[in-house]
Amino acid sequence: MISVENIGISFNGNYLFKKVSFQLKNGTKVGLVGKNGAGKSTLLKLLTGLIEYTDGNLIIPKGYSVGYLKQDLGEQGDNTVRDEAMKAFSEASSAEAEYERITKELETRTDYESAAYSDLIQKISDLGSELEMNGSSQNVGDVDKILIGLGFKQEELDRNIRDFSGGWRMRVELAKILLQAPDALLLDEPTNHLDIESIDWLENYLKNYTGILVLISHDQQFLDAVTDRTIEINGGKIYDFKVSYSNYLTQREELFDLQRAAKVNQDKRVEELERFIDRFRAQATKASSVQNKIKQLEKMERIQVDERVVDSMRMRFPEPPRSGKAIVTMEKVAKSYGDKVILKELNLIVGRGEKIAFVGKNGEGKSTLAKMVVGAVKGTGNIEIGHNVNLGYYAQNQAEELDLEKTVFDTIDDIARGDIRKKIRELLGSFLFKGNDVDKKVKVLSGGEKGRLALCKLLLEPYNFLVLDEPTNHLDIPSKEILKDALVNFKGALLVVSHDREFLRDLTNKVYEFKNQTIKEYAGGINFFLAQRKINQLDDLNEVKKPPSKPSKERANNDYQSKKELDSIIKKANNKVSSTERKILDLENKKSDLEEKMNLGTSSPDVFSQFNKVEAQLLEVMSDWERATEELEVLENKRKLMFS
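Take 26 as the starting number for the sequence shown in the numbering used here and just add one per residue.
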């Protein structure tokens with residue numbers, strides 16, 4: 026159990042919150058909510074011991090382990106995905122190495138009656154018990170199961186983690202924490218970088234988790250599915266409700282309605298007492314009664330209505346100009362990175378006023394196609410933007426791409442044109458940047474504040490086609506609802522990439538699912554898609570929802586060393602494949618550049634010579650790649666046969 030007793034935290038003399046008390050028992054699953062800047066992430070850091078508190082007391086049992094997932098990416102090594110996740114077992118690995126060292130030492134010692142020999146026997150016995158309890162020999166299997174549950178493919182586990190985006194690397198951090206199986210899990214926005222199926226898997230995992238869970242999330246559906254208690258931080262206080270998020274919203278309003286009614290009755294009583302005192306204060310015959318009334322007033326505990334302190338941004342898109350009937354027409358659109366095909370022969374038309382959602386697992390090409398539509402990424406096929414289309418784009422990492430050294434005001438002022446420049450402060454105020462906030466540098470803003478600033482930029486022009494890639498990342502629930510309401514009332518066409526089911530619900534009227542390099546259209550909203558997906562591909566959904574199950578101890582013990590050796594060989598083979606793929610891509614680029622020079626008709630003999638040399642090198646490396654791929658395939662099949 027973790028106990029928070031009258032905790033207060035202040036910065037430069039100003040209290041973020043004060044006299045906060047609550048207890049977390051084993052099995053408690055708490056949703057921590059509140060507006061951006063209320064102190065949610067600070068409270069999580071407090072529970073981990075990363076920050077000191079000003080007042081009060083924090084009691085965490087000795088030896089109690091706490092796993093903490095923060096929003097920003099921590100330091101990671103130059104490792105494969107699997108090796109980075111295996112860091113979760115660093116303590117177990119040290120114990121295993123010590124166990125092997127003592128075993129070898131005992132093989133050579135003959136002082137069986139000595140105290141030193143007895144100490145070694147006791148130590149190796151303790152280490153053996155510890156390793157058995159931790160299941161260290163099962164670690165590799167558990168790592169693979171959790172990484173695959175979080176969306177990685179089996180063949181990606183031996184790739185270098187630096188080949189992946191920040192979102193995928195955050196999944197590895199989450200995997201490391203889950204693998205440690207701590208007594209308490211503190212998760213700050215764990216779904217920000219997950220697709221719908223990975224969120225389903227994580228939901229199921231957390232439902233079966235038996236320790237303390239404290240979760241910050243802006244995904245209302247995720248909170249409802251996982252938590253059974255809600256703690257809100259608001260105005261420096263906390264409000265503790267023993268219910269899930271949706272029920273908390275209802276109970277909170279009921280509580281304040283009761284408080285308001287009680288205060289109205291108390292105010293009437295106070296007014297009556299004060300009126301009696303004022304009327305009869307000078308009359309000696311009423312002196313005793315007056316004193317009684319005064320004592321009643323003094324003893325009365327005044328009711329304070331804990332009104333919710335809410336500042337909400339105001340967002341309304343400008344009236345868009347009328348466009349042609351077809352906003353975007355795509356014909357035989359495809360995209361590959363080297364030999365890796367992402368999208369293949371796609372045909373799609375976005376009509377005027379349509380609101381479309383792109384959904385599917387990460388890595389299936391949703392963001393890639395969105396970037397191709399806006400011209401940020403090139404592929405093959407034809408993408409034609411329609412007549413009089415004015416396109417606005419919000420990238421998945423839009424908030425991170427802001428100039429960190431600019432102020433909030435300068436960020437907008439530098440791109441504003443015309444009359445809007447006279448209303449920049451008013452516009453920023455509607456996005457909750459008030460007073461001196463506009464002079465803050467972007468680098469000191471929270472994730473939610475950066476997200477709001479990036480969205481503010483979209484209001485500077487009257488767009489009639491918006492392409493939004495994960496626009497709700499880092500936005501709190503009220504801000505998401507306001508953005509959603511603005512988009513529902515937006516008169517133009519909308520293409521949104523999102524994993525947030527609640528945000529998409531009742532927003533879009535067509536869904537495209539990305540899977541296996543192609544897309545499938547669902548002529549309805551997200552509810553229709555989810556219903557169809559569960560009916561048509563129930564096995565797939567069940568597969569990602571299975572919680573990680575541990576292999577038997579006997580099998581793990583027998584196979585561990587063999588698996589370890591084979592994994593090392595597979596890792597080297599995978600690295601060879603990756604290395605040759607990079608060489609192929611580099612040579613193809615060189616070949617393409619030389620072809621362009623030759624097509625101009627002004628090339629020197631040296632260019633033709635270089636072209637022939639590059640072409641010969643390319644053929645040789647392609648042969649190496651084919652051999653390496655075949656070798657890797659044989660090894661992976663061997664692993665499946667031995668350990669499946």
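Ideal Cβ placement from N, Cα and C applies to all residues, glycine included.
Given a cut-off of 8 angstroms on the beta-carbon distance, is the pair residue i and residue j in contact?
i	j	result
V106	E181	yes
I352	K360	no
Q3	G472	The first residue shown for the chain is 26 and the last is 669, placing residue 3 beyond what the model contains.
V384	F490	no
V398	L520	yes
V239	L131	no
I263	F47	yes
I594	D183	no
T543	K369	yes
K350	N407	no
Q24	E527	Here the chain has residues from 26 to 669 only, and residue 24 is not among them.
E409	T497	no
V639	K616	yes
I7	Q284	Any question about residue 7 goes unanswered here, given that the chain covers just 26 to 669.
Give every residue of the same chain whose Cβ lies closer than 7 angstroms to the Cβ of residue i, excluding the five residues on either side of it in the sequence, and list them in chain order.
i	result
K112	K201
A548	K535
D220	G176, G385, K386, N387, H524
Q276	F266, V268
D649	T605
K44	N31, G33
What are the start and end residues of the alpha helix (DSSP H) that includes residue i?
i	result
R300	270–305
L254	Here the sequence assigns Arg to residue 254, which means Leu is not the residue at that position. No alpha helix (DSSP H) contains R254, which is instead part of the beta strand (DSSP E) from 254–259.
L512	502–513
Y230	221–232
A250	245–251
D108	106–111
E323	312–324
V469	Looking at the DSSP string, V469 is not in any alpha helix (DSSP H), and its letter there is neither H nor E.
D435	433–438
L139	Checking the displayed sequence, the identity of residue 139 turns out to be Ser instead of Leu. Counting along the chain, S139 falls outside any alpha helix (DSSP H), and DSSP gives it neither H nor E.
Whose C-alpha, out of the options, is nearest the C-alpha of residue i?
i	options	result
N387	S28, V467, R196	R196
I171	L203, I149, A140	L203
G102	L75, R607, K87, D188	D188
N39	Y78, M26, G52, E538	Y78
G363	I76, D631, L470, V602	V602
H412	A441, A250, V375	V375
K87	R126, V45, M26, I32	M26
G260	E621, V58, A641	V58
A209	R306, S348, T73	T73
I237	D253, I224, D244, D225	D253
N104	N600, N637, R607	N600
Under the assumption that residue i contacts residue j (Cβ atoms under 8 angstroms), give the Cβ distance between them as a whole number of angstroms.
i	j	result
V467	D428	6 angstroms
I258	A382	Going by Cβ atoms, the distance from I258 to A382 rounds to 32 angstroms, so no, they are not a contact pair.
E109	I173	So it is not a contact: roughly 15 angstroms between Cβ atoms.
L635	L619	Position check: residue 635 holds Gln in this sequence, whereas Leu was assumed. Correct: roughly 6 angstroms between the Cβ atoms.
P215	S90	About 18 angstroms separates the two Cβ atoms, so there is no contact after all.
L17	I609	Because residue 17 is not part of the residues shown, which for the chain are 26 to 669, the question remains open.
M340	A511	4 angstroms
K482	I437	7 angstroms
A598	L532	Actually they do not touch by this definition, with Cβ atoms about 46 angstroms apart.
L41	T67	6 angstroms
L416	V492	7 angstroms
G400	L211	So it is not a contact: roughly 41 angstroms between Cβ atoms.
What residues in its chain sit with their C-beta under 8 angstroms from that of residue i, if we drop five residues either side in the sequence?
i	result
I445	L452, L485
E6	The structure shown does not extend to residue 6, since the chain is modelled only from 26 to 669, so the question has no answer here.
N583	With a pLDDT of 48 at N583, under the threshold of 50, the modelled position of that residue is not reliable, and no figure is offered here.
V659	none
E30	S46, G81, N82, L83, I84
R450	F434, V463
E379	I352, A518, L519, N534, K535
Terminal residues of the continuous beta strand (DSSP E) containing residue i?
i	result
I179	The amino acid occupying residue 179 in the given sequence is Gln; Ile does not appear at that position. Unbroken run through Q179: none, as it is neither H nor E.
I374	365–376
A210	Position check: residue 210 holds Leu in this sequence, whereas Ala was assumed. Segment 209–213, the beta strand (DSSP E) holding L210.
L457	Counting along the chain, L457 falls outside any beta strand (DSSP E), and DSSP gives it neither H nor E.
F539	535–540
With a threshold of 6 angstroms on Cβ separation, who are the neighbours of residue i within its own chain once the five nearest residues in sequence on each side are excluded?
i	result
L322	L298
L248	G56, S242, Y270
K218	According to the sequence as given, residue 218 is His; it is not Lys. Excluding residues within five positions, the ones whose Cβ falls inside 6 angstroms are G192, M195.
E530	Here the sequence assigns Arg to residue 530, which means Glu is not the residue at that position. Excluding positions up to five away in sequence, the list reads I551.
D494	S392, A395, A420, Q421, V522
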